[in-house]
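Participant: Respectively, the protein sequence lines represent chains R and F.
In this text, residue positions in the first sequence follow the working numbering: the first is 1, and each later residue adds one.
In this text, residue positions in the second sequence follow the working numbering: the first is 107, and each later residue adds one.
A single structure is presented below for examination.
Protein chains: 2
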Amino acid sequence: MARRKDDVAWSDPALLILGSLVSGPKHGYAIVQDTEDAVGITLGPGTLYAALARLEQRGHVRALPEEDRRRPYEITAAGSALLAQRLEAMRAFAVRGLTQLRTVQP
Amino acid sequence: MARRKDDVAWSDPALLILGSLVSGPKHGYAIVQDTEDAVGITLGPGTLYAALARLEQRGHVRALPEEDRRRPYEITAAGSALLAQRLEAMRAFAVRGLTQLRTVQP
DNA sequence: GGAGTATGCTACGTTTCACGTACTACGGGA
DNA sequence: TCCCGTAGTACGTGAAACGTAGCATACTCC
């Protein structure tokens, strides 16, 4: 997850990237802007391209032919499956936690 | 987040710990078993106690008097607030992502 | 009563990776 | 020509996730 300095993380750059690629192939810079708009988190280039490289290496995204010095990536089936699984786990965990928070501290 | 080797993270040990402490003060070993039962993730001692130390240092948990070589911790108000905020963000992110996954890949 | 097992934690080393910063390069204004 | 936006590379640093080993107590149970 994207660590906020001294703080507890809640999101992983890889997850943000996969989430952004669901709506279609994008190149690096477009992913940055997309996640900025969507969740207000700005991925630095070091974070972004390193994470993209790992995702590609693990078969979760695929590089498309470079066009005009842009390097677009698209999510693979494995990436989609992984994302779905993680999101569902996150959702379940969050919902359970929030419910407990409400019942325990009235 | 609890990284699974070669894999994308989805959860942070600190978040798992806070989540476990919501239902009451626990010592380290009990937290391990709790998160095993709840989410199927086993925190190793290195991960667990290091994360606990950081959480205490940042005021998100508080150490209770040691009893019978057990070192219980309880969540603080700040910890609860942080957890609630993170869980809500996680939930929102997960729901948005899942919705998009459904609409995009029919 | 010794062996085995569960509990509970410490100590330490390795490796991954998030993040920042600096840099290159190209194109379009003003 | 200089500045700004776009697009990506290169690299260093520090945090922290994770594994493993070790140690002590305490409990079966044969």
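Think of the CB as a built atom: it goes at the ideal place given N, C-alpha and C, for glycine as much as any other residue.
In whole angstroms, give me the CA-to-CA distance for F/D143 and F/G130.
Facilitator: As a first step, residue 143 of chain F must be located in the second sequence, where it is residue number 37. As a first step, residue 130 of chain F must be located in the second sequence, where it is residue number 24. For F/D143 and F/G130, the distance between alpha carbons rounds to 16 Å.
Participant: Just to confirm the assignment: which complete alpha helix (DSSP H) runs, minimum length 4, are found wholly within the stretch 110 to 158 of chain F?
Facilitator: If we require 4 residues or more, the alpha helix (DSSP H) runs fully inside the stretch 110 to 158 of chain F come out as 119 to 127, 134 to 145.
Participant: From this set, F/R197, F/M196, F/E173, F/G165, which residue's C-alpha is nearest F/A183's C-alpha?
Facilitator: Position 77 of the second sequence, counted from the first residue, corresponds to residue 183 of chain F. Answer by Cα proximity: F/G165.
Participant: Answer with buried or exposed for R/G79, where buried requires no fewer than 16 other C-beta atoms within 10 angstroms of its C-beta.
Facilitator: Translated into positions along the first sequence, residue 79 of chain R becomes position 79. Under this definition R/G79 is a buried residue.
Participant: Exposed or buried, what is F/P119 when buried is set at 16 or more other beta-carbons lying within 10 Å of its beta-carbon?
Facilitator: By one-based count along the second sequence, residue 119 of chain F stands at place 13. By the neighbour-count rule (16 or more Cβ atoms within 10 Å), F/P119 is buried.
Participant: How many whole angstroms separate the CB atoms of F/R197 and R/V39, which I take to be in contact at a CB cut-off of 8 Å?
Facilitator: As a position in the second sequence, residue 197 of chain F is number 91, starting the count at 1. As a position in the first sequence, residue 39 of chain R is number 39, starting the count at 1. About 13 Å separates the two Cβ atoms, so there is no contact after all.
Participant: Considering only C-alpha positions, which residue in the set R/I31, R/A51, R/A84 is nearest to R/T42?
Facilitator: Here residue 42 of chain R is taken as the residue at index 42 of the first sequence, counted from 1. The option with the nearest alpha carbon to R/T42 is R/I31.
Participant: Applying a beta-carbon distance threshold of less than 7 Å, which residues of chain F neighbour R/Q100?
Facilitator: In the first sequence, counting from the first residue as 1, residue 100 of chain R sits at position 100. The contacting residues are V128, S129.
Participant: Going by the CB atoms, is the gap between R/L52 and R/G19 shorter than 9 Å?
Facilitator: Translated into the one-based positions of the first sequence, residue 19 of chain R becomes position 19. Translated into the one-based positions of the first sequence, residue 52 of chain R becomes position 52. Contact: no.
Participant: Do F/L188 and R/G97 come within 9 Å of each other at the CB atom, strictly closer than that value?
Facilitator: Translated into the one-based positions of the first sequence, residue 97 of chain R becomes position 97. Translated into the one-based positions of the second sequence, residue 188 of chain F becomes position 82. No, the Cβ-Cβ distance between R/G97 and F/L188 is not below 9 Å.
Participant: Mark R/D68 as exposed unless 16 or more other C-beta atoms lie within 10 angstroms of its C-beta, in which case mark it buried.
Facilitator: On the first sequence, position 68 is the one that residue 68 of chain R refers to. It counts as exposed.
Participant: Less than 8 Å between the CB atoms is what I'm expecting for R/L21 and R/V61, so what's the real figure, rounded?
Facilitator: For the purposes of this step, residue 21 of chain R is identified with residue 21 of the first sequence, where counting begins at 1. For the purposes of this step, residue 61 of chain R is identified with residue 61 of the first sequence, where counting begins at 1. Contact holds; Cβ gap of about 6 Å.
Participant: Using a Cβ cut-off of 9 Å, pull out every chain F residue sitting near R/V32, in sequence order please.
Facilitator: Within the first sequence, residue 32 of chain R is the residue found at index 32, counting from 1. Under the 9 Å cutoff, chain F gives no residues; its nearest Cβ is about 17 Å from R/V32.
Participant: In three-state terms, what does DSSP make of F/E162?
Facilitator: Taking the first residue of the second sequence as position 1, residue 162 of chain F is located at position 56. Here F/E162 sits in helix by DSSP.
Participant: Please look up how many angstroms separate the CB atoms of F/A169 and F/Y179, rounded, as I've assumed it's under 8 Å.
Facilitator: Translated into positions along the second sequence, residue 169 of chain F becomes position 63. Translated into positions along the second sequence, residue 179 of chain F becomes position 73. Going by Cβ atoms, the distance from F/A169 to F/Y179 rounds to 6 Å, so yes, they are a contact pair.
Participant: What residue range is occupied by the uninterrupted alpha helix (DSSP H) comprising F/E180?
Facilitator: Position 74 of the second sequence, counted from the first residue, corresponds to residue 180 of chain F. Per DSSP, F/E180 belongs to no alpha helix (DSSP H); it is in the beta strand (DSSP E), 178 to 181.
Participant: Using three-state DSSP, classify R/R69 as helix, strand or coil.
Facilitator: Stepping through the first sequence from its first residue, residue 69 of chain R is reached at position 69. Looking at R/R69 - three-state DSSP - the assignment turns out to be coil, as it is neither helix nor strand.
Participant: Measuring only the C-alpha atoms, how far is F/P151 from F/D140?
Facilitator: If you number the second sequence from 1, residue 151 of chain F lands on position 45. If you number the second sequence from 1, residue 140 of chain F lands on position 34. Rounded to whole angstroms, F/P151 to F/D140 spans 14 Å at the Cα level.
Participant: Could you confirm whether any beta carbon from chain F is found closer than 9 Å to the beta carbon of R/V61?
Facilitator: Locating residue 61 of chain R in the first sequence gives position 61, where the first residue counts as 1. No, R/V61 lies away from the interface with chain F (no Cβ there is under 9 Å from its Cβ).
Participant: Give me the residue from R/Q85, R/R70, R/R54, R/R71 with the minimum Cα distance to F/R208.
Facilitator: As a working note, residue 208 of chain F is residue 102 in the second sequence. Of R/Q85, R/R70, R/R54, R/R71, the residue nearest in Cα terms is R/Q85.
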